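Comments concern the structure below.
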Amino acid sequence: MNLLSPKWTQRIAIGVLGAATLATLLVLLFIIVFVLEKGLRTISWSFLFTNPQDMGRAGGIFPTLVGTLLLPLLALAVAVPLGVGTAVYLTEYTREGRLTRIIRFGTDCLAGIPSIIFGLFGFIFFVTILKMGWCLLAGGLTLAIMILPTIIRTTEEAIRAVPYSYREVSFSLGATRWATVVKVVLPNALPGIVTGVMLGIGRCIGETAAVIFTAGSALRLPHSVFDSVRTMSVHFYILAREGVSAENAYGTAAVLILSILLLNVTTYWLMHRFIGRRA
Amino acid sequence: MTAEIKISVRQLSAFHGRAESLRGITLDVPDHRILGIIGPASSGKTTFLRTLNRLNDLVPDFRVTGQVLLDGADIYQPDFVVVALRKRVGMVFALPVPLPMSIHDNIAYGPRLAGIRDRQRLSETVERALQAAFLWDEVKDRLHTSALRLSGGQQQRLCLARVLAMEPEVVLLDEPCSGLDPISTAKIEEALVALKSRYSIILVTNNTKQASRVADDTAFFLMGELVEHGRTAQVFTVPRDQRTSDYITGRFG
């Protein structure tokens, strides 16, 4: 027995789903507008490009800008080759079996571990045992390990989505497995891989706990990978947590939001140009 | 048959796990002729074709017994280089699969793998291959647009041109016209007949009429066995085996 006519079921479904979408958008929009509204007025060239003074109470955020750029870059430089390599190996060079299933299960578990655990590991292993101290290198390596599972799994999915017939054609034209991977599989999996890398960058930029544990929070410009750095997220956390300067905290947060926006826009623009050229 | 033998198959059996999909095939493929292979679905035609360029190696649990001799050398010997084999024995698949790149890059894929980098030489190879596949006039002004934008029939001729660009010795075609309209089919057939002076061609087809139109010799496969093999005219007019006669007259399959 149907209480509702199909027409009404349809209307209610559209109403409920639309409301859910609207609520999500409104919350996101509220957060962004709130932060930008409070932070934008602080942003100026001098805020971006001068050193902080008085522990961040006055002055700019230049060192944290540099830190936010370098730390994820270092993490990616390590995690992308390792992650993509692992994914290619798992998908193209092994047959599906118990071992690949165990590895995949392990990666899924690693992906779900809270970042603070990676921070603790980085602190114990890189900072203490390897005697690196709080530095860019220790932080970058820790973040690399943290985002590795994400990159492996997204790359794997992207590679699996490349039609098997492409590989067959490539082999039938006398390509080796390696040539097939380089010329056919990876170019076609690129959009998916980039998505995974972007997720990784997002996690790196947003990370605080693991970064404080491994890269420290020094407010100076780093001169080498063995210097401590502070990222914008950490800077924001310290400014807000210790009540140093709410104004500069919001300014930093606004810069953070804008830079992530910029990053996404450029990546998608580059990707569309690249794909547009190929197909 | 007086023609020179290109591929000589001796007691070839193939297994997918326990299932035997080819049973003791013995068959000679002459050079500069078209061998048509006909037979109902799952008769082993495609499996047979794929053992000739060892594409079945990619299938887990697949193995063969017997011999496949290409110019007298057994391609299943451990020291036979598979990559080199596939350059000599090209393949066109049932569904046209252009790689998602430009027309030019599709054709140049094989030659580039072979180490040819010179642009001039590559573009000459591309033109020659496209002409041989009767596609040049239709695409010469848009070589650098995506191959995915071609029509189905054009895509299949592109796949043929891509194989020809490798300058193979044998061309294997696996039901190349199964998804094509009669006009596209006619163009492919025309290309094949023109090409047989330079290659040894094996054409697997579901369409017995196609075999009777283009093939010099015809082999009839049934349940993994080679039932009959002879001149096309003989197979189609006076088949030696009752099953061949039943199949080509449409009584089953």
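Line by line, the protein sequences give chains A and P. For what it's worth, my numbering labels the leading residue of the first sequence as 376, then goes sequentially. For what it's worth, my numbering labels the leading residue of the second sequence as 66, then goes sequentially. Where a beta carbon is used, it is the ideal one built from N, C-alpha and C, also for glycine. Quantities reported herein were computed from a predicted structural model and do not represent experimental measurements.
Asked, Found
"Touch test, the region 405-420 of chain A against the region 618-630 of chain A, Cβ-Cβ under 8 Å, three pairs minimum", "yes"
"Interface partners of A/Ser540 on chain P, CB under 8 Å", "Phe158, Leu160 and Val162"
"Cβ of A/Glu543 within 8 Å of any chain P Cβ", "yes"
"The alpha helix (DSSP H) enclosing P/His169, as first and last residue numbers", "Ile168 to Leu178"
"Proximity of A/Thr530 and A/Ile488 at Cβ, strictly below 8 Å", "no"
"Nearest-angstrom Cβ-Cβ length linking P/Ser211 and P/Ser167, presumed shorter than 8 Å", "6 Å"
"Residue from A/Leu378, A/Leu415 and A/Thr396 whose Cα sits closest to the Cα of A/Leu633", "A/Leu415"
"P/Ile248 burial status per 10 Å Cβ neighbour count (16 or more: buried)", "exposed"
"Residues near P/Thr283 by beta carbon distance below 6 Å, same chain, minus five either side", "Gly101, Ala276, Thr297 and Val300"
"Whole alpha helix (DSSP H) elements within the region 560-623 of chain A, 4-residue minimum", "561-581, 584-589 and 607-616"
"P/Asp139 versus P/Val157: straight-line alpha-carbon distance, rounded", "23 Å"
"Under 7 Å from the C-beta of A/Thr551: neighbouring residues of chain P", "Val148"
"Entirely enclosed beta strand (DSSP E) segments - the region 391-451 of chain A, minimum 3 residues", "none"
"Rounded C-alpha distance that separates P/Ile267 from P/Cys224", "15 Å"
"Exposure label - P/Ala106; buried when at least 16 CB within 10 Å", "exposed"
"Validate contact between the region 387-407 of chain A and the region 572-589 of chain A using beta carbons, cut 8 Å, 3 pairs", "no"
"Cα-Cα separation, P/Gly218 to P/Asp206", "18 Å"
"A/Leu605 versus A/Thr475: straight-line alpha-carbon distance, rounded", "Per the sequence shown, residue 605 of chain A should be read as Arg rather than Leu. The straight-line gap from Cα to Cα measures roughly 38 Å."
"Given A/Ile491 as reference, the closest of A/Thr589, A/Ile527, A/Lys558 and A/Ile613 once Cα atoms are compared", "A/Thr589"
"Sufficient close CB pairs (3 or more, under 8 Å) joining the region 597-613 of chain A to the region 499-513 of chain A", "yes"
"Within-8 Å CB hit, A/Ser547 to chain P", "yes"
"Cβ neighbour criterion (16 or more within 10 Å) applied to P/Val154", "buried"
"Contact under 8 Å by Cβ, A/Leu549 with P/Gly175", "Looking at the sequence itself, residue 549 of chain A is Gly, so the reference to Leu does not match. Closer than 8 Å, so yes."
"Delimiting residues of the alpha helix (DSSP H) encompassing A/Thr482", "Arg473 to Gly487"
"Interface residues of chain P facing A/Arg655 [CB-CB closer than 9 Å]", "With chain A running from 376 to 654 in the structure shown, residue 655 of chain A is simply not present."
"Proximal chain P residues relative to A/Asn563, where beta-carbon distance stays under 9 Å", "Leu164 and Pro165"
"P/Val162 versus A/His610 - alpha carbon distance", "53 Å"
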